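Down below is the structure, laid out as structure tokens.
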Amino acid sequence: MHDSLTKLLWQLSEAGEPAVLFGRQHAAEDDAAFQRMLALGVLVHGDRLTGWKACHDCDCGADERDVRWRRDVPFAACPADNRRDEVLTRDDLATFTLSIATMVSETAAALGLGPPEELAPGLWRLGRLTDGRVLTAAPIRAGILLPGLVAALRAVDAEGPIVLIGPRLPEVRRAELARQGIHAVPAEEVVVPVGHHPPLGFDLARLPDGNAGRHRLVLTPATSTVRFDGREAVLRPRPFQLLRILARQHRRGVPLVSRHDLHQELFSPGTADTAVRGLVSELQGLLKKAFGADAVEGLIENRTGHGYLLTLLPLTVWINE
Ligand SMILES: [Zn+2]
Numbered sequence: 001m002h003d004s005l006t007k008l009l010w011q012l013s014e015a016g017e018p019a020v021l022f023g024r025q026h027a028a029e030d031d032a033a034f035q036r037m038l039a040l041g042v043l044v045h046g047d048r049l050t051g052w053k054a055c056h057d058c059d060c061g062a063d064e065r066d067v068r069w070r071r072d073v074p075f076a077a078c079p080a081d082n083r084r085d086e087v088l089t090r091d092d093l094a095t096f097t098l099s100i101a102t103m104v105s106e107t108a109a110a111l112g113l114g115p116p117e118e119l120a121p122g123l124w125r126l127g128r129l130t131d132g133r134v135l136t137a138a139p140i141r142a143g144i145l146l147p148g149l150v151a152a153l154r155a156v157d158a159e160g161p162i163v164l165i166g167p168r169l170p171e172v173r174r175a176e177l178a179r180q181g182i183h184a185v186p187a188e189e190v191v192v193p194v195g196h197h198p199p200l201g202f203d204l205a206r207l208p209d210g211n212a213g214r215h216r217l218v219l220t221p222a223t224s225t226v227r228f229d230g231r232e233a234v235l236r237p238r239p240f241q242l243l244r245i246l247a248r249q250h251r252r253g254v255p256l257v258s259r260h261d262l263h264q265e266l267f268s269p270g271t272a273d274t275a276v277r278g279l280v281s282e283l284q285g286l287l288k289k290a291f292g293a294d295a296v297e298g299l300i301e302n303r304t305g306h307g308y309l310l311t312l313l314p315l316t317v318w319i320n321e
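The sequence shown begins at 1 in this note's numbering and counts up by one.
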């Protein structure tokens with residue numbers, strides 16, 4: 001699978017402005033996202049290219065070829081041999097500039113936060129999540145490495161966990177920030193996937209919380225392992241999948257999942273409506289067997305007519321993706 005346009009834009013922003021995207025850089029599958037970025041002003045039409053890369057495997061020695069037009073069709077002209085001319089399209093020649101500030105404010109809007117506050121050049125506070133974490137972003141590499149970063153972040157939120165989204169940091173720097181309650185995560189690990197609407201924003205389930213080692217419930221999908229209050233069990237794939245959905249929604253701060261949504265995600269359309277209830281019972285049975293009836297009593301609550309949820313406190317659940 002190719003990278004999403006959103007991921008591409010966060011990568012592009014690392015070097016700072018001007019950040020230019022070329023016509024051939026985004027995948028056709030992501031065109032809806034691309035049009036949305038233009039409509040929001042995250043991307044702005046730039047100048048059309050007038051030069052094209054040198055001929056491949058040609059001895060004309062040109063560093064760059066001029067773009068010329070034959071009727072309405074552009075082509076890259078080889079100075080020595082017109083049989084080597086390369087036919088282009090209008091889209092090939094298009095350029096788009098990225099507005100980093102607009103990308104940040106539209107990201108906050110997509111998450112229901114904002115407007116963002118610029119704490120220092122290139123450093124934004126997007127807002128506070130319902131679980132208390134403060135979401136911040138420093139998209140430019142030079143900005144995230146500034147010595148005054150911590151002071152700028154702590155000037156507004158003196159205490160509590162802060163999530164900082166931006167370029168990937170060296171491990172030493174990341175650990176140093178974590179000791180001060182600032183949990184840096186690379187944007188590329190948390191941006192919404194291809195096809196998500198709106199195309200901007202983060203998957204809150206994937207954001208760090210600084211509670212490593214203190215989570216009550218930890219799921220490891222690769223091995224279908226569940227750890228609950230320090231004890232481990234391996235579940236069958238289907239019940240594990242159900243628990244994983246509940247855990248994901250819990251981490252997103254919206255723990256209640258409707259029976260309809262669970263049915264849609266876990267079963268084919270022809271399956272009976274009662275299948276969800278059956279799978280929930282199966283999961284509860286397995287958890288009781290693994291961890292004891294008293295330990296898991298009330299862990300999964302059934303809100304009649306609404307759906308199911310994990311009753312654990314916020315930020316006590318983790319998924320090892
Ligand atoms: Zn040539």
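Note that CB positions come from ideal geometry on N, CA and C, so glycine has one too. Here the structure is a predicted model, which means the values were calculated and not measured.
Within the same chain, and ignoring the five residues on either side of H263 in sequence, the residues whose Cβ sits closer than 8 angstroms to its Cβ are T271, D273, A275 and V276. Put simply, the backbone Cα of L242 is about 23 angstroms away from that of E189. Here the alpha carbon of K289 sits roughly 15 angstroms from the alpha carbon of D229. Residue burial is scored here from C-beta neighbours: W52 has at least 16 other C-beta atoms within 10 angstroms and is therefore classed as buried. Taking 8 angstroms as the cut-off, the Cβ atoms of V317 and H250 count as close. Remark: C-beta atoms of A137 and L153 do not approach each other more closely than 8 angstroms. Non-local C-beta neighbours of E118 in its own chain, meaning closer than 7 angstroms and more than five positions away in sequence, comprise W124, ordered along the chain. For A54, no beta strand (DSSP E) encloses it, and the DSSP letter there is neither H nor E.
Of the heavy atoms belonging to ligand 1, none sits nearer than 7 angstroms to the Cβ of D63. Pairwise C-beta distances place the segment 86 to 101 in contact with the segment 17 to 30, as three or more of them are shorter than 8 angstroms. When the alpha-carbon of H56 is set against those of D85, L129 and A247, the nearest one is in D85. Annotated as distal: P167 and T6, with beta-carbon spacing of 8 angstroms or more.
In the DSSP annotation of this structure, the continuous segment of the beta strand (DSSP E) that includes F75 starts and ends at V73 to A77. Here the segment 197 to 216 makes contact with the segment 105 to 115; the two share three or more CB pairs at distances below 8 angstroms. In the assembly as shown, D209 is a buried residue. Its beta-carbon has 16 or more other beta-carbons within 10 Å. Here S13 is buried: its Cβ has 16 or more other Cβ atoms, across all protein chains shown, within 10 Å. Boundaries for D47: no beta strand (DSSP E) harbours it, and the DSSP string shows neither H nor E there. About 6 angstroms separates the CB atoms of R248 and I319; that is less than 8 angstroms, so the two are in contact.
In the structure shown, the three-state DSSP call for N302 is strand. V172: member of the alpha helix (DSSP H) spanning E171 to A178, first to last residue. Taking a C-beta distance under 8 angstroms as the contact criterion, V296 and L287 qualify as a contact pair. If you draw a straight line from the Cα of D81 to the Cα of G61, it comes to about 11 angstroms. Within the same chain, and ignoring the five residues on either side of P18 in sequence, the residues whose Cβ sits closer than 7 angstroms to its Cβ are T97.
Inter-residue distance for L299 and L246 is about 11 angstroms (C-alpha atoms, whole angstroms). Leaving aside the five residues that flank G148 on each side, the residues in its chain whose CB is nearer than 8 angstroms to its CB run, in chain order, A120. If you look at T102, you'll find it in the alpha helix (DSSP H) that goes I100 to A110. Set against 7 angstroms, the gap from the CB of A212 to the closest heavy atom of ligand 1 is not smaller.
About 7 angstroms separates the CB atoms of I140 and I100; that is less than 8 angstroms, so the two are in contact.
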